[in-house]
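Colleague: Got a structure here, written out as structure tokens. Questions coming.
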Amino acid sequence: MSQALPEFRGYRFPHLNRLWSALCQERELPQLDRWLSRTLREEKAFGRRDRLYYADVLFAAMRYLQTIVLLEQGYKAQDVKAFPEFYRTQDASMTAASLWAEVQALPVESVLFWLAKITDTGGDWPREITDLSERNLFWSNVKQVLNKASMNDVLQGWRPSWQPLLQERAAQSGWQQEDCHRFVQGQNTRPPLWLRVQRAEDQAAIVEQIVGQGYDLEQDGDALKVVGERGIYQLPAWQEGKLEIQDWASQQISRAVDAQPGEQVWDACAGGGGKTLAIASAMNNKGAVTATDIREYKLEEVKKRAKRAGWFNVRRFAWDAEAPLRLPKEAARQNGFDRVLIDAPCSSCGTWRRNPDARWRLTEEEIVRLTQLQDKILSQAAPAVKVGGRLVYATCSWLVAENEARVEAFLAANPGFSLERQEVVGYPAQDADTMFVAVLTRQS
Numbered sequence: 001m002s003q004a005l006p007e008f009r010g011y012r013f014p015h016l017n018r019l020w021s022a023l024c025q026e027r028e029l030p031q032l033d034r035w036l037s038r039t040l041r042e043e044k045a046f047g048r049r050d051r052l053y054y055a056d057v058l059f060a061a062m063r064y065l066q067t068i069v070l071l072e073q074g075y076k077a078q079d080v081k082a083f084p085e086f087y088r089t090q091d092a093s094m095t096a097a098s099l100w101a102e103v104q105a106l107p108v109e110s111v112l113f114w115l116a117k118i119t120d121t122g123g124d125w126p127r128e129i130t131d132l133s134e135r136n137l138f139w140s141n142v143k144q145v146l147n148k149a150s151m152n153d154v155l156q157g158w159r160p161s162w163q164p165l166l167q168e169r170a171a172q173s174g175w176q177q178e179d180c181h182r183f184v185q186g187q188n189t190r191p192p193l194w195l196r197v198q199r200a201e202d203q204a205a206i207v208e209q210i211v212g213q214g215y216d217l218e219q220d221g222d223a224l225k226v227v228g229e230r231g232i233y234q235l236p237a238w239q240e241g242k243l244e245i246q247d248w249a250s251q252q253i254s255r256a257v258d259a260q261p262g263e264q265v266w267d268a269c270a271g272g273g274g275k276t277l278a279i280a281s282a283m284n285n286k287g288a289v290t291a292t293d294i295r296e297y298k299l300e301e302v303k304k305r306a307k308r309a310g311w312f313n314v315r316r317f318a319w320d321a322e323a324p325l326r327l328p329k330e331a332a333r334q335n336g337f338d339r340v341l342i343d344a345p346c347s348s349c350g351t352w353r354r355n356p357d358a359r360w361r362l363t364e365e366e367i368v369r370l371t372q373l374q375d376k377i378l379s380q381a382a383p384a385v386k387v388g389g390r391l392v393y394a395t396c397s398w399l400v401a402e403n404e405a406r407v408e409a410f411l412a413a414n415p416g417f418s419l420e421r422q423e424v425v426g427y428p429a430q431d432a433d434t435m436f437v438a439v440l441t442r443q444s
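Under UniProt numbering, residues 1 to 444 are what the sequence shown spells out, in order.
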């Protein structure tokens with residue numbers, strides 16, 4: 001299963017060529033969504049459908065970067081039987097920097113050819129492709145040898161070096177082979193847009209408004225999956241601050257906090273405040289939510305979003321996890337927070353579906369660095385939980401090393417806490433990002 005692309009048409013090739021060439025001028029592998037937002041904003045001649053088309057093609061190419069590079073190299077070598085071993089060898093030594101250098105050296109017509117083959121996209125071919133029959137023959141033979149080598153997943157853009165990590169997740173979560181296959185395939189499709197209603201009493205009217213505007217809509221509690229041709233920013237409910245964009249999996253983390261009106265809650269790694277606002281929504285302006293982050297500019301974003309939503313019980317402080325948080329006086333009076341959420345910095349591999357460039361930056365060294373940081377944040381934040389209170393640890397990662405292994409290490413060092421539950425939420429069970437959440441209780 002690949003993201004479906006419209007057929008390639010010759011009149012689009014000059015624009016694709018120009019956009020891809022501009023992308024390849026970036027010195028380092030760029031963050032594609034930001035690059036596209038900046039670049040397409042300057043393309044005044046493009047209509048909305050043009051922007052969506054070119055964005056879809058570039059996102060698809062980013063998902064299959066390694067496969068495209070190695071198919072072109074294999075085609076040039078013309079040794080089909082050796083291709084599986086060639087792929088494994090190249091994968092083992094490839095870094096984000098070396099991959100990007102190889103991509104920059106590829107002719108754009110080669111990128112489009114292999115992308116069309118991988119995604120089964122028909123249509124026209126660039127005039128520069130003069131060896132079409134030879135390429136088609138190589139493609140047919142490569143699929144056969146990869147199938148014999150049980151390496152079909154590389155045509156899904158899946159690196160062989162990721163397979164042990166996926167097998168570890170499957171063993172931990174009880175995923176069957178079909179779950180793993182669906183998970184791999186799903187990394188090449190973008191998840192849908194999920195919205196969260198700020199106040200439960202507004203939901204029925206907002207649902208009616210969204211459907212009335214011609215959107216397809218599915219509900220899961222106060223989570224709304226919305227599909228439509230138009231952007232949501234023109235919806236009156238959005239303009240009135242009654243809706244937030246928040247992925248389904250992210251909403252499950254906020255639900256796991258289970259904040260109650262009147263409580264003291266700390267969102268330790270608040271980022272832009274998506275979960276902070278969801279927690280505040282559950283508290284209905286009663287009690288207080290303390291939002292902290294090492295990045296002060298993110299806290300300014302929290303301030304603006306909270307004001308827009310009408311939540312006035314959100315407080316903001318910078319916190320760098322170098323020492324335990326100095327408790328606000330209300331929390332200090334009760335010897336800690338009722339709930340503490342640690343949405344920890346992580347590899348973000350659970351968001352690869354919407355951020356495909358991030359997958360190429362995953363390294364063993366980065367995982368080690370992140371797990372050390374996660375342990376540090378857990379250690380520094382845990383004392384702020386009052387006895388009987390709840391500690392929620394979450395990541396947007398599916399790696400066992402960043403999740404269950406961190407919880408296990410924390411519990412070994414902190415016997416005063418007990419584990420209530422832990423699970424991966426989202427994809428492949430739900431069409432969303434893939435995230436992890438663990439709920440712990442402080443016993444003493």
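Cβ coordinates follow ideal geometry from the N, Cα and C atoms, glycine included.
Does DSSP classify residue 200 as helix, strand or coil?
Modeller: Sequence index remark: in the sequence shown, residue 200 carries index 200 (1-based). Helix, per DSSP.
Colleague: For residue 402, write down the residues that DSSP places opposite it in a beta bridge.
Modeller: Here residue 402 corresponds to residue number 402 of the sequence shown, with the count starting at 1. None; residue 402 has no bridge partner.
Colleague: Taking contact to mean 3 or more Cβ pairs, one atom from each stretch, closer than 8 Å, check whether the stretch 144–162 and the stretch 205–216 are in contact.
Modeller: They do not touch, by the three-pair rule.
Colleague: What are the boundary residues of the beta strand (DSSP E) that residue 264 is part of?
Modeller: Here residue 264 refers to the residue found at position 264 when the sequence shown is read from its first residue. Unbroken beta strand (DSSP E) run through residue 264: 264–267.
Colleague: Ignore the nearest five residues each way along the sequence and tell me which others in residue 385's own chain have a CB closer than 7 Å to its CB.
Modeller: As a working mapping, residue 385 is identified with position 385 in the sequence shown. Answer for residue 385: 336, 337, 340, 391 and 442, listed in chain order.
Colleague: Can you grab the Cα-Cα spacing for the pair residue 88 / residue 160, in whole Å?
Modeller: Counted from its first residue, the sequence shown places residue 88 at position 88. Counted from its first residue, the sequence shown places residue 160 at position 160. Looking at the two C-alpha atoms, the distance is approximately 7 Å.
Colleague: Around the Cβ of residue 130, are there at least 16 other Cβ atoms within 10 angstroms (buried) or fewer (exposed)?
Modeller: The residue labelled residue 130 in the question sits at position 130 within the sequence shown. Burial call: exposed.
Colleague: Quick one: measure Cβ to Cβ for residue 318 and residue 292, integer angstroms, because I've assumed they're closer than 8 Å.
Modeller: Along the sequence shown, read from residue 1 onward, the residue named residue 318 stands at position 318. Along the sequence shown, read from residue 1 onward, the residue named residue 292 stands at position 292. Their Cβ separation, rounded to whole angstroms, is 7 Å, which keeps residue 318 and residue 292 in contact under 8 Å.
Colleague: Would you check if there are 3 or more beta carbon pairs closer than 8 Å linking the stretch 15–24 to the stretch 48–62?
Modeller: Yes, the stretch 15–24 touches the stretch 48–62.
Colleague: Rounding to the nearest angstrom, what Cα-Cα distance links residue 283 and residue 266 in this structure?
Modeller: Position 283 of the sequence shown, counting from 1, holds the residue named residue 283. Position 266 of the sequence shown, counting from 1, holds the residue named residue 266. If I take the Cα positions, the gap works out to 13 Å.
Colleague: Would you call the stretch 357–365 and the stretch 403–412 touching, i.e. three or more CB-CB distances under 8 Å?
Modeller: The answer is no - the stretch 403–412 does not touch the stretch 357–365, with fewer than three Cβ pairs under 8 Å.
Colleague: If we count the other Cβ atoms within 10 Å of its Cβ and call it buried at 16 or more, is residue 8 buried or exposed?
Modeller: As a working note, residue 8 is residue 8 in the sequence shown. Flag for residue 8 reads buried.
Colleague: For residue 263, collect the residues of the same chain with a Cβ closer than 6 Å to its Cβ; drop the 5 residues on either side in sequence, then sort them by chain order.
Modeller: Within the sequence shown, residue 263 is the residue found at index 263, counting from 1. Excluding sequence neighbours, residue 263 sits near 287 and 338.
Colleague: To the nearest angstrom, report how far apart residue 271 and residue 224 are at their CA atoms.
Modeller: Within the sequence shown, numbered from 1, the residue matching residue 271 stands at position 271. Within the sequence shown, numbered from 1, the residue matching residue 224 stands at position 224. For residue 271 and residue 224, the distance between alpha carbons rounds to 22 Å.
Colleague: Relative to the C-alpha of residue 127, which residue among 348, 196, 187 and 11 is closest?
Modeller: Sequence index remark: in the sequence shown, residue 127 carries index 127 (1-based). When each option's Cα is compared against that of residue 127, the closest is 11.
Colleague: Does DSSP classify residue 120 as helix, strand or coil?
Modeller: As a working mapping, residue 120 is identified with position 120 in the sequence shown. In the structure shown, residue 120 sits in coil (DSSP, three-state: anything other than H, G, I, E or B).
Colleague: Sort out for me which residues DSSP pairs residue 217 with in a bridge.
Modeller: For the purposes of this step, residue 217 is taken as the residue at position 217 of the sequence shown. According to DSSP, which records beta bridges pairwise, residue 217 is partnered with 226.
Colleague: For residue 434, which of helix, strand or coil comes out of DSSP?
Modeller: The residue labelled residue 434 in the question sits at position 434 within the sequence shown. Strand at residue 434.
Colleague: Here's the rule I'm using: 16 or more other beta-carbon atoms within 10 Å means buried, otherwise exposed. How should residue 244 be labelled?
Modeller: Here residue 244 corresponds to residue number 244 of the sequence shown, with the count starting at 1. Burial call: buried.
Colleague: In chain order, what are the residue ranges of uninterrupted alpha helix (DSSP H) at least 4 long that sit wholly in the stretch 54–83?
Modeller: For the stretch 54–83, whole alpha helix (DSSP H) runs of length 4 or above, ordered along the chain, are 65–77.
Colleague: Do you know how far the Cα of residue 254 is from the Cα of residue 379?
Modeller: Residue 379 sits at position 379 when you count from the first residue of the sequence shown. Residue 254 sits at position 254 when you count from the first residue of the sequence shown. Taking the straight line from one Cα to the other gives about 21 Å.
Colleague: Out of 18, 142 and 56, which has the shortest C-alpha to C-alpha gap to residue 70?
Modeller: As a position in the sequence shown, residue 70 is number 70, starting the count at 1. Here the closest residue by C-alpha is 142.
Colleague: For the candidate residues 37, 43, 289 and 31, whose alpha-carbon lies nearest to that of residue 18?
Modeller: Counted from its first residue, the sequence shown places residue 18 at position 18. Closest option to residue 18, Cα to Cα, is 43.
Colleague: May I ask you to report which of helix, strand or coil DSSP gives residue 426?
Modeller: The residue labelled residue 426 in the question sits at position 426 within the sequence shown. The answer is strand: DSSP assigns residue 426 an E or B state.
Colleague: Once DSSP output is grouped into helix, strand and coil, what is the label at residue 421?
Modeller: Within the sequence shown, the letter at position 421 stands for residue 421. The answer is strand: DSSP assigns residue 421 an E or B state.
Colleague: Starting from the Cα of residue 312, find the closest Cα among 323, 344, 325 and 276 and give me that residue.
Modeller: Here residue 312 refers to the residue found at position 312 of the sequence shown. Nearest C-alpha to residue 312: 276.
Colleague: Span of the beta strand (DSSP E) holding residue 342?
Modeller: Position 342 of the sequence shown, counted from the start, is the residue given in the question as residue 342. Here the beta strand (DSSP E) through residue 342 covers 337–343.
Colleague: If you run the structure through DSSP and keep just helix, strand and coil, what is residue 294?
Modeller: Here residue 294 is taken as the residue at index 294 of the sequence shown, counted from 1. Coil.
Colleague: Quick one: what's got a C-beta closer than 8 Å to residue 35's C-beta in the same chain, skipping five residues either side?
Modeller: For this step, residue 35 is matched to residue 35 along the sequence shown. The residues are 23 and 26.
Colleague: CB residue 310 to CB residue 241, shorter than 8 Å?
Modeller: Numbered from 1 along the sequence shown, position 310 holds the residue referred to as residue 310. Numbered from 1 along the sequence shown, position 241 holds the residue referred to as residue 241. Contact flag set, yes.
Colleague: If we ignore side chains and look at the alpha-carbon of each, how far apart do residue 178 and residue 315 end up?
Modeller: If you number the sequence shown from 1, residue 178 lands on position 178. If you number the sequence shown from 1, residue 315 lands on position 315. Straight-line Cα distance between these residues: approximately 45 Å.
Colleague: Within a Cβ cutoff of 6 Å, which residues of the same chain sit near residue 306, ignoring the five residues on either side of it in sequence?
Modeller: Residue mapping note: residue 306 aligns to position 306 of the sequence shown, counting from 1. Excluding sequence neighbours, residue 306 sits near 314.
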